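K.L.:
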Amino acid sequence: MGDAVKIYVAGHRGMVGSAILRRLQATRPEAELVTRTHAELDLTDQAAVRAFMQDARPDVVILAAARVGGIHANNSYPADFIYENLMIEANVIHQAFAAGVGRLLFLGSSCIYPRLAPQPMREDALLTGPLEPTNEPYAIAKIAGIKLCESYNRQHGTDYRSVMPTNLYGPGDNFHPENSHVLPALIRRFHEASRSGAEEVVVWGSGRPMREFLHVDDMAEASLFVLDLPKRVYDRETEPMLSHINVGTGTDVSIRELAETVARVTGFAGRITFDTGKPDGTPRKLMDVGRLARLGWRARIGLEEGIRNTYRWFLAQDENTLRVR
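Numbering (the working numbering), first residue to last: 20 to 344.
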């Protein structure tokens, strides 16, 4: 990136944004890193974003800020999810362009793909069928973010790129018992069962659905890898209106295997049973990561290693919470 480059990381307090910030701090000591909390800068406020961009004048923008949540939150607040994400993307991308930012990286989500997309999901599955209804508003906003980047590139010659991660986990994840995603939810439940000496943990569904998980530190590394690619290399592997790149491991595990791994990591020695009366969701959701592999990047952190790392982080937070009480 060169000396004294100024990089604005939007969403630096989230799981992905904080991982990207950590990696930048570790690998680019010469860079000037710019961050703003939500209290300091509301990214849905067009005038505020304009004033910030004109004043800060970053060389590079990494857009990891988003309104996020699980199925319940997406179902309960669909207007909030589509409005806030559209506003964040439109404001940051347009005002970055207006302030002369030549390079930007937008982080999306694997939910952009059709509900029944062929597995593994390739980039060209985008806009080929109906979306999953429960998070369609969020997915529409993320698709709009990709298209904003592509449209500014076409009209203004910018170099704005997009990466689409699979299911992420790691330090900074949400371990709330009711609205967290499957992996942090399992870590918390098996931890509590192990600590209390419970004989059984019941997992929703049959345990057969297959899911892919990527450690957030791998995601951070992949994001900066894509951002740093020479433009001719990025352009060779992508198309002007199909420019996003999937980021994942390219392998998946069953929910049963996942639960058994979490049990091992947390030291739970009891029974694992499956409540087949509860829904399974999509049978399989796997990303095709061939495009990124051809460009030269592959995930490095194995699932069990990543879960152990995440569990250590969770334990540190849990102990801090207990001390506060």
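Using N, Cα and C, we set each Cβ at its ideal position, and we do this for glycine too. These figures come from a predicted structure and were not determined experimentally.
Rounded to the nearest angstrom, what separates MET34 and GLU219 at their Cα positions?
P.N.:
Cα to Cα, MET34 sits roughly 30 Å from GLU219.
K.L.:
Nearest to GLY321 by CA position, among GLY296, LYS25, ASP299, ASP237, is which residue?
P.N.:
When each option's Cα is compared against that of GLY321, the closest is ASP237.
K.L.:
Buried or exposed: which applies to ARG342, given that a residue is buried once 16 or more other Cβ atoms fall within 10 Å of its Cβ?
P.N.:
Annotation note: pLDDT 44 at ARG342 (below 50); position unreliable, coordinate value reported separately. With fewer than 16 Cβ atoms within 10 Å of its Cβ, ARG342 is classed as exposed.
K.L.:
Can you grab the Cα-Cα spacing for the pair VAL272 / HIS175, in whole Å?
P.N.:
Roughly 43 Å separates the two Cα atoms.
K.L.:
Could you please give me the residues that DSSP links to PRO184 through a beta bridge?
P.N.:
According to DSSP, which records beta bridges pairwise, PRO184 is partnered with VAL266.
K.L.:
How is HIS31 classed by DSSP in three states: helix, strand or coil?
P.N.:
The answer is coil: DSSP assigns HIS31 none of H, G, I, E or B.
K.L.:
Rounded C-beta distance between ILE264 and MET183? I'm assuming under 8 Å.
P.N.:
At roughly 7 Å, the Cβ-Cβ gap stays under 8 Å, so ILE264 and MET183 are in contact.
K.L.:
Determine contact between the region 195–215 and the region 144–156, defined as no fewer than three beta-carbon pairs at a distance below 8 Å.
P.N.:
Segments in contact, no.
K.L.:
Would PRO77 pass as a contact of ILE26 if the rule is Cβ separation under 9 Å?
P.N.:
Result yes, Cβ atoms of PRO77 and ILE26 sit closer than 9 Å.
K.L.:
Leaving out five residues before and five after ARG344 in sequence, what residues of the same chain have Cβ atoms less than 6 Å from its Cβ?
P.N.:
Here the model assigns ARG344 a pLDDT of 29, short of 50, so the residue's position is not dependable and the matter cannot be decided.
K.L.:
To which residues of the same chain is SER129 closer than 8 Å at the C-beta, ignoring the five residues directly before and after it?
P.N.:
These residues qualify, in order along the chain: MET140, MET183, PRO184, THR185, ASN186, ASN265, GLY267, LYS304, MET306.
K.L.:
As a quick exercise: from ALA45, THR46, ARG69, LEU124, pick the residue whose alpha carbon is nearest that of GLY30.
P.N.:
Checked all of ALA45, THR46, ARG69, LEU124; the closest Cα to GLY30 is LEU124.
K.L.:
If ARG42 sits next to LEU243, beta carbons under 8 Å apart, how far is it from one beta carbon to the other, in whole angstroms?
P.N.:
About 6 Å separates the two Cβ atoms, so the contact holds.
K.L.:
Between the C-alpha atoms of GLY121 and GLY296, what's the straight-line distance to the nearest angstrom?
P.N.:
Answer to the nearest angstrom: the Cα atoms are 52 Å apart.
K.L.:
What number of angstroms, rounded off, separates the C-alpha of MET20 from the C-alpha of ALA239?
P.N.:
Annotation note: pLDDT 45 at MET20 (below 50); position unreliable, no value reported.
K.L.:
Could you check whether PRO298 and GLY224 sit closer than 9 Å to each other, using their CB atoms as the reference points?
P.N.:
Yes, the pair counts as a contact, with Cβ atoms nearer than the cut-off.
K.L.:
When the Cα of GLN114 is compared with those of PHE71, LEU145, ASN94, PRO196, which residue comes out closest?
P.N.:
Minimum Cα distance to GLN114 is reached at PHE71.
K.L.:
Provide the residue span of the alpha helix (DSSP H) that contains THR285, from first to last.
P.N.:
It spans 274–285 - the alpha helix (DSSP H) in which THR285 sits, taken as one unbroken run.
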